[in-house]
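Reading through the structure tokens given below for one structure.
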Amino acid sequence: TAYWAFTDMSIAINVFTAVLIIACPCALAMSTPFTLGNLLRIFGNKKFYLKNAGVIEQLAKADTLIFDKTGTITSNKKSSISYEGIELSAEEESLLKNTLRASNHPLSRTLYDMLAEYEISPPKEFREVTGKGIEAVYNRSAMKVGSAEFVGNSSAVATLNTSVHVSANNEYKGRYIFYNIYREGAKELFEELGKEYHLSILSGDNEGERNRLEKLLPKQTKMHFNQKPEDKLNYIKSLQENGQKTIMVGDGLNDAGALAQSEVGIAISENVNVFSPACDGILDASAFDKLFGFIKASKAGIKVIKISIVLSFLYNIVGLYFAVTGQLSPIIAAILMPLSSISIIVFTTVCTNFIGKKI
1 TAYWAFTDMS IAINVFTAVL IIACPCALAM STPFTLGNLL RIFGNKKFYL KNAGVIEQLA
61 KADTLIFDKT GTITSNKKSS ISYEGIELSA EEESLLKNTL RASNHPLSRT LYDMLAEYEI
121 SPPKEFREVT GKGIEAVYNR SAMKVGSAEF VGNSSAVATL NTSVHVSANN EYKGRYIFYN
181 IYREGAKELF EELGKEYHLS ILSGDNEGER NRLEKLLPKQ TKMHFNQKPE DKLNYIKSLQ
241 ENGQKTIMVG DGLNDAGALA QSEVGIAISE NVNVFSPACD GILDASAFDK LFGFIKASKA
301 GIKVIKISIV LSFLYNIVGL YFAVTGQLSP IIAAILMPLS SISIIVFTTV CTNFIGKKI
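Here UniProt numbering is used: the first residue of the sequence shown is 1, the next is one more, and so on.
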């Protein structure tokens, strides 16, 4: 501009104006929000609901995935259940049903759905102890549901399968034994994830499922059983201290601490309309087998952002060259700059829609 000021003031003014218009970084600033915003919409349409667009960036950076077992890689709706112990009276079963109604733990929901329908009778007092069980107090009765130790029967014989123990008025009644069925597509999902990520399973249950899990999971998968909520949280912290970027996939209050601690916490839900612990995303259980596709789409989205920024930068460099040399009038510059922004919007939209179709 200084050069043109000494040569021709009218050209200098045109050059100055054209440079101001061309140098506007609108397209650069639009690349990220349009790409991530469109991916957020696509994910939601495919039943993966994220807290904000920033979660997509964290998904793309992750190198380690940690899964809870019960209600996460196992299906609550397809589990078969048997009962061992003293037969419950109709009143006791009614109180058990009403006690379970207030809990969102996956085992509670599964058992609740299995029991017969009874009249709703809200408890006077209700308490849920994370990682242990639930208890409720009624007019003349009290119910406890959870681990053997929690209900007052620490001498119960261990079973290889997941068990939920029941006591009524401090009298041990028996246990419901769950025969887990793993989600459809779980084996294929873990095979794909195992090629690119470190995998871990954290389960609050005993090692009864180890043999089945070894057949389901890649050989390098780390498995930890009898994990309390604080154990899961500490495990995530230890991975992060080693520089690993974690994604925790869980279900229920038992995983709340681990979900909050990890870079990305994903809650699996059979019903996304019910309460889920604080997390970065909620994945509908029916879309569990698409998890790897969502992560790949996140990585592809970051690549689209980088390409968009490079294209915008090149556009500005070329435009500035013509503007500085006086070959670009302010009117043409004013026409080209919106075209630059529109081209970026079109590019990111087309690319993200293409990415979405591959999930």
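Every residue gets a Cβ at the ideal spot worked out from N, C-alpha and C, and that includes glycine.
This structure is a prediction, so every number in the text was calculated from the model and none was measured.
Have a look at the options and flag the residue whose alpha-carbon is nearest the alpha-carbon of residue i.
i      : options                        : result
Phe150 : Ser167, Thr162, Ala142         : Ser167
Ile21  : Thr349, Ile331, Asn271, Pro218 : Ile331
Thr348 : Lys195, Met337, Ser312         : Ser312
Glu207 : Pro229, Pro25, Met223          : Met223
Ile56  : Val264, Asp113, Thr70          : Val264
Lys132 : Ala323, Gln227, Asn139, Ala90  : Gln227
Asn169 : Ser343, Val137, Phe292, Ala297 : Val137
Thr64  : Asn180, Leu314, Ala297, Lys195 : Lys195
Glu128 : Ile120, Ser147, Ala116         : Ser147
Lys97  : Ile86, Pro122, Glu87, Gly85    : Pro122
Asn153 : Ala278, Glu171, Ile134         : Glu171
Ala278 : Leu291, Phe292, Gly293, Gln261 : Gln261
Leu88  : Ala116, Ile66, Leu259          : Ala116
Pro229 : Gly257, Ile305, Gly281, Met114 : Gly257
Gly85  : Asn353, Leu213, Gly250, Gly174 : Gly174
Phe34  : Gly326, Gln58, Phe322, Lys306  : Lys306
Glu135 : His165, Glu119, Tyr118         : His165
Ile247 : Val310, Thr130, Ile282, Gly71  : Ile282
Gly185 : Asn353, Gln58, Leu291          : Leu291
Asp205 : Lys232, Gly326, Glu241         : Lys232
Ile120 : Lys237, Thr99, Phe126          : Thr99
Asn180 : Lys219, Gly293, Leu213, Leu239 : Leu213
Ser298 : Pro25, Leu36, Glu241           : Leu36
Thr303 : Thr130, Ile355, Gln240, Ala29  : Residue identity differs from the one stated: residue 303 is Lys in this sequence, not Thr. Ranking Thr130, Ile355, Gln240, Ala29 by Cα distance to Lys303 puts Ile355 first.
Asn234 : Ile66, Lys219, Gly293          : Ile66
Asp280 : Gln58, Leu28, Ser238           : Gln58
Asp68  : Lys245, Ile236, Ala90          : Ile236
Lys245 : Asn211, Tyr197, Asp251         : Tyr197
Leu193 : Phe178, Gly243, Ala62          : Ala62
What residues are listed by DSSP as bridge partners for residue i?
i      : result
Met248 : Ile66, Gly265
Phe48  : Leu283
Tyr176 : Tyr83, Val164
Ser203 : Note: Ser203 sits in no beta bridge, so no partner.
Tyr182 : Thr74
Phe288 : Partner(s): none; Phe288 has no beta bridge.
Glu135 : Arg127, Lys144
Lys222 : Ser200
Glu171 : Ala168
What separation, rounded to the nearest whole angstrom, lies between the Cα atoms of residue i and residue j?
i      : j      : result
Asn254 : Ala102 : 16 Å
Tyr182 : Ile359 : 21 Å
Thr221 : Leu199 : 5 Å
Leu320 : Val350 : 27 Å
Glu188 : Gly44  : 23 Å
Ile73  : Val145 : 23 Å
Leu328 : Ser308 : 24 Å
Trp4   : Phe16  : Only weak support exists for where Trp4 lies, its pLDDT of 49 falling under 50; the value from the coordinates is given anyway. The straight-line gap from Cα to Cα measures roughly 9 Å.
Lys124 : Glu92  : 16 Å
Ser94  : Ser141 : 11 Å
Ile295 : Ala60  : 6 Å
Ser82  : Tyr176 : 6 Å
Ala53  : Ala300 : 14 Å
Ser341 : Ile317 : 15 Å
Ile344 : Val324 : 24 Å
Leu202 : Ala334 : 58 Å
Arg41  : Lys215 : 36 Å
Glu270 : Glu191 : 23 Å
Ile266 : Ser31  : 26 Å
Pro338 : Tyr315 : 12 Å
Met143 : Met114 : 18 Å
Asn104 : Val346 : 43 Å
Leu39  : Phe225 : 36 Å
Glu336 : Cys26  : For clarity, residue 336 is Leu in the given sequence; the question names Glu instead. Distance between the alpha carbons of Leu336 and Cys26: 12 Å.
Glu209 : Leu217 : 12 Å
Asn353 : Val310 : 20 Å
Gly293 : Cys24  : 36 Å
Asn139 : Tyr118 : 17 Å
Phe322 : Lys357 : 40 Å
Leu239 : Leu28  : 35 Å
Thr70  : Lys219 : 20 Å
Does the beta carbon of residue i fall short of 7 Å from some heavy atom of the ligand HEM?
i     : result
Lys46 : This structure lacks the ligand HEM; in fact it carries no ligand of any kind.
(message) For the structure I just gave you, are there three or more beta carbon pairs, one from the region 105-124 and one from the region 74-85, closer than 8 Å?
(response) Put simply, the region 105-124 touches the region 74-85. At least three CB pairs are less than 8 Å apart.
(request) Could you tell me whether the region 46-66 touches the region 280-288, where touching means 3 or more Cβ pairs closer than 8 Å? (result) yes
(request) Taking only runs that begin and end inside the region 299-357, name each unbroken alpha helix (DSSP H) of 4 or more residues, in chain order. (result) 330-357
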